[in-house]
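The structure appears right after this line, and notes come after that.
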Amino acid sequence: MRAPVTQWDLALRALTAVAIDPGGLKGMILRARAGPVRQAFEAELSSLPKPRHRIHPGLSDMQLYGGLDISASLAAQKLVREAGLADAPASLIMPMAERTQPGLAAKLAQMLDADRGHALILLDEGADPDETVPASLRERLAFGIELEGLSHKDCANRLPDAAVLDAARARLALVRPAPEQAAQLAAIAAHFGISSLRAPLLALRAACVFAALAGRQTPVEEDITEAAELVYASRATRLPEPAPPPDEDPRQEEQPEPEDQGADDSAPREGVLEDRIIEAIAAQLPPDFLERTVQKASRSGNFRGSGAGARRKGNRRGRPLPSRPGRLDGTTRIDIIATLRSAAPFQRLRQRNRKCAPRIILYPSDIRLRRFEDKSDRLLIFTVDASGSSAMARMAEAKGAVELMLAQAYAKRDQVALVAFRGSGADVLLPPTRSLVQAKRRLAELPGGGGTPLAAGLLGAAGMAELGRAHGLSPALIVLTDGRANIGLSGEPGRTQAAADAQLTAQQLSRLGLPGVVIDTAARPGKDGAALAAWLGSTYLALPRADAQKISAAADAALGE
Amino acid sequence: MSASFPFSAIVGQEQMKLAMILTAIDPGLGGVLVFGDRGTGKSTAVRALAALLPPIRAVEGCPVNSASKRDCPDWANISSAKLTSRPTPVVDLPLGVTEDRVTGALDIERALTQGEKVFEPGLLAQANRGYLYIDEVNLLEDHIVDLLLDVAQSGINAVEREGLSIRHAARFVLVGSGNPEEGELRPQLLDRFGLSVEVRSPDNVDERIEVIRRRAEFERDTRAFMKVWKAEDMKIRKSILAARRALGKTDAPEETLRLCAELSLGLGADGLRGELTLLRAARALAAYQGDSAVTRDHLRQIAPMAMSHRLRRDPLDEAGSVTRVIRAAEDILA
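Protein sequence lines, in the order shown, are assigned to chains A and B. Residue numbers 1 to 561, in the numbering used here, belong to the letters of the first sequence in order. Residue numbers 1001 to 1334, in the numbering used here, belong to the letters of the second sequence in order.
Set out below in structure tokens:
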């Protein structure tokens, strides 16, 4: 039908569509590392409708919503408001988009939802698969394209001329999709497991744009195919299969059967066309698509708000840091003393230049902002397997590690807790504490032996983590086990049931999004421990003969301290 | 801002729509929590509801939408007593919002440049007598959550900082939405929401197609589309207004109270807020449906949304709490 297209051509088509209908399609995400290819793409951005602004992930409220222009106000001696980016339609280009914080993403999403004609071009430079743009934005922008493995030579094609784009924009209002085309797009989205209803809406809009570009009054099959390819390829959560879909996809929302029936009922005639489009999109999916889907699903719980208590630099509370110059933008607080101090040496000079001056003359450059380092205490939850023969040695090492970490607790503001599991259940041996004395006393007598109720142990750790969080700590999990569960949650022995229970609890626990490390203490570290780490979404370390120092160092390294 | 999508044109999502209508009838219910996937029309519904409600009468220029001159806060320096009508306010509280912006604060730039001590009202002031909508409420920072809880309960926003001492009315219906996969909400905040509903994207292709079709029509020719749905919207508005009037006259017989308590006990919900909300919401539903007394049927319809978020979480119960509530309601209200 069409010549095979490169990723570059796809990116260009997407950009063309956004340039024609910025307000309707809301923009696109381009994932590419900095380099000649991305530079070539950035050069094309000049076709976007004006005004164009480059923004960055540290965008302040002041820049976004506008506010008082302090220098102009001071100069004019009256209040001068500065317009914000959200006030008027604009094309916003954001490099380093993968560093967007959830807070800014929410504000941008709100801006896009207001339908004021903003388009957002996010240049995602993430290196890791999970280093990416927040989902709230990915969901709202029409296209997501990856430019990888391209050389500069592949990027010869260019966007159509501005005149062509303008003409298409003018024609767009006249394009009417046929009623069954919405149905087709919705059905195709369902085949790819795209649950959001924004996707088919955006695809329909894109199809109209492509029709307008080609000078048609109604989108034809080609437009629908292209729109569906561009919009759905980055959102698909499963491969369409005539047979029941593979069970790799844990987040699958729809039951396959009613869908198929529905598609058959509503559009028996278009079945062939849909199949063709579906094949075309499936061809666009990257080869490692399924792996990624699984990863994405397992990581979805790790995204947390900034209220989670990790270390951050802020201006509200915590240990004071030196104040520094900056602008007041509503998120910052002024350090009055430092501001006066920085203005003081120039008062003579400034008084001389003005006739009826107030007693103190402040310039915007004098303003100093207060900063704090806010860090909540960490709660390290040691979850230790106290079962079977090697228990005694392992427990002794865990004990040692707990004591080592406690010894540094004053410096690091860590608290430590210990949950041990053996026999038929888990016990909290040490509730969260910072007291070395108490810990030593509690740890002196230590039970060991029996089966491995891994699920119960994880449940105990989960309870402890929630408790810690309720007290404003940020919990982190350190699991020492060989991962070979043999006692289920009910307390009954049986490997199969125990493993299933362990998997279930581990996956529940991973929803809490705790940083964690699984230390495999088996004599021959095997797949059990690694599987547990995968379920928990934590780091995996095999330390068959770990001693206390090694455990404490490994825990520190793995938890990023 | 462009016209918002008509409330009656939202396809499906009956539970969410019902919960929102109930809070419109009785704003004292304490807000709605909508948990579900992205792109299921959560924010569309909130905006649509506000557009559906009759405009409020408020003093001209008053930053907190006061209904009469007497209610205007003195710091606002309102001189006119003229009433103007304005649409029911819907205020978005974005993630990452600062405390200053929520409560309002001293306008520090004006203080510095002009030496005036002026209070700059925040989002809570704007939301008075309307709706405060928080998308991704489960990702909101803790100190903002604490602040909202406090204000939502007392109905008064008190600002004591930077030499200011200011209070103003802040009565609003809290509507929160979020995706539970991305983070849990603290039980304290969960309990504060009166009703909670779970939405999922429609799993029926025809329904999905209908959604797309209506939205596409709306975007293509907004005016014609609004005209088509206006009558439906007006019908809902009338029922809401009628229900507001009937609310005081709706009876709650002794037997109903007993059932509420039994249901709450049967589910092992913490605290008494559950059954209070259950009764209140059931009464609003009875008024909405034009019945003179609250019956078992009303309770059965309301129980899932009033109780499901107040249960102790059971990490291994895959069925979800809504199913548990429905099961219990079937048993007790049979």
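Virtual Cβ for every residue (Gly too), placed ideally from N, Cα, C. None of these values were measured; they are calculated from a predicted model.
| With 16 other CB atoms within 10 Å as the buried threshold, where does A/Cys356 fall? | exposed
| Test: A/Lys107 CB closer than 8 angstroms to a CB of chain B | yes
| Terminal residues of the continuous beta strand (DSSP E) containing A/Pro593? | No information on residue 593 of chain A is available, as it lies outside the stretch 1 to 561 that chain A covers here.
| said: Let me make sure I understand the geometry here. Which of B/Ser1196, B/Gly1271, B/Ile1021 and B/Ser1068 has the alpha-carbon closest to that of B/Thr1048? | reply: Reading off the sequence shown, one finds Ala at residue 1048 of chain B, where the question assumed Thr. Nearest option by C-alpha distance: B/Ile1021.
| message | Here's a check: name, in chain order, each residue in its chain whose Cβ is nearer than 8 angstroms to the Cβ of A/Arg324, leaving out the five neighbours to either side. | response | Excluding sequence neighbours, A/Arg324 sits near Arg368, Leu369 and Arg371.
| Cα-Cα, which of A/Ala417, A/Ala173, A/Gly450 and A/Gly488 is closest to A/Ala456? | A/Gly488
| task | Could you tell me whether the segment 1090–1100 of chain B touches the segment 98–109 of chain A, where touching means 3 or more Cβ pairs closer than 8 angstroms? | result | yes
| query | Excluding the five sequence neighbours on either side, which residues of its own chain have a C-beta within less than 8 angstroms of the C-beta of B/Ser1043, listed in chain order? | reply | Tyr1133, Asp1135 and Ser1177
| query | Taking any Cβ of chain A, which residues in the segment 1091–1108 of chain B have a Cβ under 9 angstroms from it, in chain order? | reply | Asp1092, Pro1094, Leu1095, Gly1096, Val1097, Thr1098, Glu1099, Asp1100, Arg1101, Ala1105, Asp1107 and Ile1108
| query | So, using beta-carbon positions, are A/Ala182 and B/Ile1078 closer together than 8 angstroms? | reply | no
| query | When the Cα of B/Glu1141 is compared with those of B/Ser1165, B/Gly1030, B/Arg1186 and B/Met1016, which residue comes out closest? | reply | Looking at B/Ser1165, B/Gly1030, B/Arg1186 and B/Met1016, the one whose alpha-carbon comes closest to that of B/Glu1141 is B/Arg1186.
| How about B/Leu1029 and B/Arg1237: do their beta carbons lie closer than 8 angstroms? | no
| What are the residues that DSSP puts in a beta bridge with B/Leu1299? | None, per the DSSP bridge assignment.
| message | For chain B, check one thing: does any of its Cβ atoms lie closer than 8 angstroms to the Cβ of A/Ser195? | response | yes
| Neighbourhood of B/Ala1287 by C-beta distance below 7 angstroms, restricted to the same chain and skipping five residues each side | Contacts found: Ile1025, Ala1243, Ala1246, Leu1247 and Thr1250.
| task | With DSSP as the reference, label A/Gly115 as helix, strand or coil. | result | Checking the displayed sequence, the identity of residue 115 of chain A turns out to be Asp instead of Gly. Coil, per DSSP.
| request: Note down, one range per segment and in chain order, each alpha helix (DSSP H) of at least 4 residues found wholly within the segment 1033–1088 of chain B. | output: 1042–1052
| task | Check the DSSP bridge columns for A/Gly516 and list the partner residues they point to. | result | DSSP output for A/Gly516 lists A/Leu477 as bridge partner(s).
| Among A/Leu380, A/Met62 and A/Leu92, the one whose alpha carbon lies nearest that of A/Leu477 | A/Leu380
| Beta carbon proximity, A/Ser424 to chain B, threshold 8 angstroms | No, A/Ser424 lies away from the interface with chain B (no Cβ there is under 8 angstroms from its Cβ).
| said: Under 8 angstroms, Cβ to Cβ, is there at least one residue of chain A near B/Asp1270? | reply: no
| field | Between the CA atoms of A/Glu44 and A/Gln7 - distance to the nearest angstrom | value | 15 angstroms
| field | Residue of B/Ile1166, B/Ala1050 and B/Glu1162 minimising C-alpha distance to B/Ala1003 | value | B/Ala1050
| query | Name the chain B residues whose beta carbon is nearer than 8 angstroms to that of A/Gly488? | reply | The premise fails here: A/Gly488 is roughly 11 angstroms from chain B at the closest Cβ pair, so nothing lies under 8 angstroms.
| query | Given a threshold of 16 other Cβ atoms within 10 Å of its Cβ, counted over all protein chains shown, does B/Glu1275 qualify as buried or as exposed? | reply | Buried, by the Cβ-count rule.
| Where A/Arg33 and B/Arg1215 are concerned, what is the direct C-alpha to C-alpha distance, given to the nearest angstrom? | 36 angstroms
| request: Could you tell me whether the Cβ atoms of A/Gly451 and A/Thr481 are closer together than 8 angstroms? | output: no
| message | Using only the alpha-carbon positions, how far apart do B/Pro1055 and B/Leu1083 sit? | response | 12 angstroms
| Would a check of beta-carbon distances place B/Ile1166 closer than 8 angstroms to chain A? | So, not an interface residue.
| Would you say A/Gly23 faces chain B, with C-beta separation under 8 angstroms as the test? | no
| field | Other residues of its chain near A/Leu112: CB distance less than 7 angstroms, five sequence neighbours each side excluded | value | Here A/Leu112 has Lys26, His118, Leu120 and Arg140 as same chain residues with Cβ atoms under 7 angstroms from its own Cβ, once five neighbours each way along the sequence are excluded.
| A/Ile55 and A/Asp124 closer than 8 angstroms at C-beta | In this structure, A/Ile55 keeps its C-beta atom at 8 angstroms or more from the C-beta atom of A/Asp124.
| said: For a contact defined as C-beta to C-beta under 7 angstroms, what are the partners of B/Asp1135 on chain A? | reply: Neighbours of B/Asp1135 on chain A, chain order: Ala106.
| task | Using DSSP bridges, identify the partner residues of A/Tyr540. | result | Looking at the DSSP output, A/Tyr540 shares a beta bridge with A/Val518.
| query | Any beta-carbon of chain B closer than 8 angstroms to the one on A/Ala187? | reply | Closer than 8 angstroms to some Cβ of chain B, the Cβ of A/Ala187 qualifies, so yes.
| query | Tell me which same chain residues have a C-beta within less than 7 angstroms of the C-beta of B/Ala1328, skipping the five on either side of it? | reply | Leu1263, Gly1266 and Leu1267
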